[in-house]
Ligand SMILES: Nc1ncnc2c1ncn2[C@@H]1O[C@H](COP(=O)(O)OP(=O)(O)OP(=O)(O)O)[C@@H](O)[C@H]1O
Ligand SMILES: Nc1ncnc2c1ncn2[C@@H]1O[C@H](COP(=O)(O)OP(=O)(O)OP(=O)(O)O)[C@@H](O)[C@H]1O
Ligand SMILES: [Mg+2]
Ligand SMILES: [Mg+2]
């Protein structure tokens, strides 16, 4: 559990543009995923979560540019490698078997002109060359059933599946070659809670058996609190708080985290008007000098406007907020 | 007779603006929507929840005239909608937000075009100045601020949640009477999501907007909707005013859905409900 599998240090990603200032979508991000660990990322829409995941897995495309930092990955039985400087050829050896990715645009990611089976076959053929044709069909059915899709749906084309089914198909595909790390960007945005629970249990069971690590982005409370060992919260391109699921929800340290938590409508308590976090999301191209959240923060004081708080470790978590420093 | 007809919720007022009467829709051997009747009322938000693959999107698409029902009919203001009628008039009144924001926006067009075209087609603004002002106003309503900064962007330059908000802004800017919203907030963080829910609520109260809100997030359905319909295997298996459905679910699937829903206030570790920032 203590083996570091993936480690990003001071990772910065910009969207380069000729038409205006660059967008610093990720700034100075440190993130560690241990073998067998489940790490969740939540945070504001447009705060850089997808950018971070695509940079970590080298799936980013121009105009995204990694402008600083390193990403170290430790393959099975091998020495750590730096993903940022790796060639595409070396990378392709890691895909599916070492790490697999379910993108946020999952529903648009399946090839529209071939059946689901053909898409599983491609991946299995390439990475499990010893597998016979009938084994591949059997394995495809098995994987689909794992995520609650009847095996005979392997003969369907993507457009014949509902939104949630397409997402689940990609989760199944990510599991196909027993990777060490599964990266998922909002994997269940279209999946009902009953099914979500089934997938969750399925992933946890497999994870217990195979010991892979999961790094995922979600806005879904259930996934975060029930799945994640550790949570990182992003705001304006930076990680502003990390901690255990329990810590983050019981006692959030960053005012943004607290605002986020309090914006979930309750299911059993009386419904009252929820205002959400006041103010407007930050403009990444025009961030304040101090804390990016300060303009919206009810607890701000002078220092927040003049000096950007660094992530400060407290117990098993960390927060980037001057209030946390004042505590001592 | 479907369950829906047997439980007329008390929230209904006046006559429906959009109605499905006994509609069915099949794809080959598979029946996606099976004899469903559902009426949407002005100033009323109807949530549609249910299993993945149960037919929610198909029902919304039937309402939006993307599919033709194999049985039954769609009525606008009590009049059957003819397949040959002018679509522009229909979409001026009935707008749909699609489930997947990654395939529903034209990636070759700038945001200014995406929104101003909707305004122009439905005669809601004319002239560059007026149109831009209106586009910016709607962008800011969905927390895309400052709105002017988004005008020249392409959809590919936006995050998932930003695209979703573009779709919402586009639909609302047409000032429709009915909004068919298929998982419209699934990619938004909780704070921006609740902002959008409040916006829909305001449109309901101030403009009398009728909303079909498809979601898998029961807590948000409870927060927003006047009534909730539960769909399973192509049928509406339960329909009731929101609080009644939440506190006294009748159908086993509804009970299962509620039991599976996350509720932090119910979990043991929510020991510090005040949640003071420390
Ligand atoms: N164009 C199509 N061709 C064939 N089958 C289809 C088509 N569209 C939908 N279906 C099938 O109809 C059923 C209902 O699909 P629909 O998309 O309406 O479900 P849904 O309730 O919206 O699900 P989700 O919550 O996963 O989005 C599914 O079994 C799906 O596979
Ligand atoms: N191709 C691009 N060119 C320019 N800016 C971009 C591009 N892609 C994303 N951005 C910007 O980078 C920022 C971060 O985007 P990202 O997709 O990482 O956000 P996110 O946290 O995943 O948001 P969401 O939860 O809404 O998906 C956003 O402000 C977005 O507008
Ligand atoms: Mg994203
Ligand atoms: Mg759907």
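Residue numbers (our numbering), protein chains in the order written: chain A, 3 to 330; chain B, 3 to 280. From the three backbone atoms N, C-alpha and C, an ideal C-beta is built for every residue, glycine too.
Beta carbons nearer than 9 Å to chain B: which residues of the region 51-63 of chain A have them? 51, 52 and 53
From the beta carbon of residue 235/B, is the nearest beta carbon of chain A less than 8 Å away? The count along the second chain starts at 1 and reaches residue 235/B at position 233. Answer no: the Cβ-Cβ gap between residue 235/B and chain A never drops below 8 Å.
With 8 Å as the threshold, decide whether the Cβ of residue 225/B is near any Cβ in chain A. Here residue 225/B corresponds to residue number 223 of the second chain, with the count starting at 1. Yes - at least one Cβ of chain A is within 8 Å of the one on residue 225/B.
Taking buried to mean at least 16 other C-beta atoms within 10 Å of its own C-beta, is residue 166/A buried or exposed? Position 164 of the first chain, counted from the first residue, corresponds to residue 166/A. Buried.
With burial defined as no fewer than 16 other Cβ atoms inside 10 Å of the residue's Cβ, what is the status of residue 267/A: buried or exposed? Residue mapping note: residue 267/A aligns to position 265 of the first chain, counting from 1. Buried is the call here.
If you compare alpha carbons, which of 81/A, 40/A, 98/A and 27/A is closest to residue 340/A? With chain A covering 3 to 330 only, the question about residue 340/A has no answer from this structure.
Interfacial residues, the region 101-114 of chain A to chain B, with Cβ spacing under 7 Å: 106, 107, 109 and 110
CA-CA distance, residue 251/A and residue 245/A? As a first step, residue 251/A is located in the first chain; it is residue number 249 there, counting from the start. As a first step, residue 245/A is located in the first chain; it is residue number 243 there, counting from the start. Approximately 9 Å, taken between the alpha carbons.
Between the alpha carbons of residue 182/A and residue 127/A, how many angstroms are there, rounded? Stepping through the first chain from its first residue, residue 182/A is reached at position 180. Stepping through the first chain from its first residue, residue 127/A is reached at position 125. Going by the C-alpha atoms only, they are around 19 Å apart.
Bounding residues of the beta strand (DSSP E) (the contiguous stretch that carries residue 185/B): For the purposes of this step, residue 185/B is taken as the residue at position 183 of the second chain. Neither: residue 185/B is in no beta strand (DSSP E) and is coded neither H nor E.
Using 8 Å as the limit for Cβ to Cβ distance, is residue 297/A near chain B? What you label residue 297/A is simply residue 295 of the first chain in a count that begins at 1. It does not; no Cβ of chain B falls within 8 Å.
Inside the region 3-48 of chain A only - beta strand (DSSP E) runs reaching at least 3 residues: 6-17, 25-36 and 40-45
Let me see if you follow: with CB-CB separation under 8 Å, is residue 101/B close to chain A or not? Your numbering for residue 101/B matches position 99 in the second chain. Taking Cβ atoms only, chain A reaches closer than 8 Å to residue 101/B, which makes this a yes.
Would residue 170/A and residue 149/A qualify as a contact pair, given that the criterion is a beta-carbon distance under 8 Å? For this step, residue 170/A is matched to residue 168 along the first chain. For this step, residue 149/A is matched to residue 147 along the first chain. Yes. Within cutoff.
Do residue 45/A and residue 51/A come within 8 Å of each other at the CB atom, strictly closer than that value? Locating residue 51/A in the first chain gives position 49, where the first residue counts as 1. Locating residue 45/A in the first chain gives position 43, where the first residue counts as 1. The answer is yes: Cβ separation under 8 Å.
Between residue 194/A and chain B, is there a C-beta pair that is closer than 8 Å? What you label residue 194/A is simply residue 192 of the first chain in a count that begins at 1. With 8 Å as the cut-off, residue 194/A counts as an interface residue toward chain B.
Beta carbon of residue 10/A, beta carbon of residue 73/A: below 8 Å? By 1-based counting over the first chain, the position of residue 10/A is 8. By 1-based counting over the first chain, the position of residue 73/A is 71. Yes; because the gap between Cβ atoms is below 8 Å, this pair is in contact.
If distances are taken between C-alpha atoms only, which option among 233/B, 162/B, 112/B and 121/B comes closest to residue 155/B? One-based indexing of the second chain puts residue 155/B at position 153. That would be 112/B, whose Cα lies nearest to the Cα of residue 155/B.
Any Cβ of chain A within less than 8 Å of the Cβ of residue 335/B? This structure gives no information on residue 335/B, because the portion of chain B shown stretches from 3 to 280.
Spatial neighbours of residue 324/A within its chain, please: CB distance less than 6 Å, with the 5 preceding and 5 following residues excluded, ordered by chain position. As a first step, residue 324/A must be located in the first chain, where it is residue number 322. Counting only Cβ-Cβ distances below 6 Å, and skipping sequence neighbours, we find 305, 306 and 311.
Quickly, what does DSSP pair residue 319/A with across the bridge? List them, please. On the first chain, residue 319/A is found 317 positions in, with the first residue counted as 1. Note: residue 319/A sits in a beta bridge opposite 316/A.
So is the beta-carbon of residue 146/A under 7 Å away from any non-hydrogen atom of ligand 1? As a position in the first chain, residue 146/A is number 144, starting the count at 1. False, no ligand heavy atom lies under 7 Å from that Cβ.
Chain-ordered neighbours of residue 46/B on chain A, where CB pairs are closer than 9 Å: Against the second chain, residue 46/B aligns to sequence position 44. Those within 9 Å of residue 46/B in chain A number zero; the least Cβ separation is about 17 Å.
Below 8 Å on the Cβ atoms is my contact criterion, and I expect residue 118/A with residue 164/A to pass it. Report the Cβ-Cβ distance as a whole number of Å. Residue numbering aside, residue 118/A sits at position 116 when the first chain is read from its first letter. Residue numbering aside, residue 164/A sits at position 162 when the first chain is read from its first letter. Incorrect: roughly 13 Å between the Cβ atoms, too far for contact.
Which residues does DSSP pair with residue 243/A in a beta bridge? Along the first chain, read from residue 1 onward, the residue named residue 243/A stands at position 241. In DSSP, residue 243/A forms a bridge with 235/A and 321/A.
Can you give me the start and stop residues for the beta strand (DSSP E) that residue 94/B sits inside? As a first step, residue 94/B is located in the second chain; it is residue number 92 there, counting from the start. Residue 94/B -> not in any beta strand (DSSP E); alpha helix (DSSP H) instead, spanning 89-95.
In this structure, does DSSP put residue 274/B in helix, strand or coil? Counting from 1 along the second chain, the entry for residue 274/B is found at position 272. Reliability fails at residue 274/B, whose pLDDT of 36 lies under 50, so the model's placement of it is uncertain and no value is given.
Over the uninterrupted alpha helix (DSSP H) stretch that includes residue 197/A, give me the two end residues. As a first step, residue 197/A must be located in the first chain, where it is residue number 195. Unbroken alpha helix (DSSP H) run through residue 197/A: 195-212.
Using the Cβ count rule (16 or more neighbours within 10 Å means buried), how would you classify residue 90/B? The residue you call residue 90/B lines up with position 88 of the second chain. Exposed, because fewer than 16 other Cβ atoms sit within 10 Å of the Cβ of residue 90/B.
Given a threshold of 16 other Cβ atoms within 10 Å of its Cβ, counted over all protein chains shown, does residue 92/A qualify as buried or as exposed? By one-based count along the first chain, residue 92/A stands at place 90. It counts as exposed.
Which value, in whole angstroms, describes the spacing of the CA atoms of residue 301/A and residue 120/B? The residue labelled residue 301/A in the question sits at position 299 within the first chain. The residue labelled residue 120/B in the question sits at position 118 within the second chain. Cα to Cα, the separation comes out at about 42 Å.
Bounding residues of the alpha helix (DSSP H) (the contiguous stretch that carries residue 139/B): Taking the second chain and counting its residues from 1, one reaches residue 139/B at position 137. Counting along the chain, the alpha helix (DSSP H) containing residue 139/B begins and ends at 130-143.
8 Å Cβ cutoff, residue 322/A in contact with chain B: Reading the first chain from its first residue, position 320 is the one you call residue 322/A. Closer than 8 Å: no.
With H, G and I counted as helix, E and B as strand and the rest as coil, what does DSSP make of residue 194/B? Stepping through the second chain from its first residue, residue 194/B is reached at position 192. Residue 194/B: helix per DSSP, three-state reduction.
Contact list for the region 30-58 of chain B against chain A, Cβ threshold 9 Å: 30, 32, 34, 51, 52, 53, 54, 55, 56, 57 and 58
Through-space distance from residue 30/A to residue 153/B, alpha-carbon basis: As a position in the second chain, residue 153/B is number 151, starting the count at 1. As a position in the first chain, residue 30/A is number 28, starting the count at 1. Approximately 29 Å, taken between the alpha carbons.
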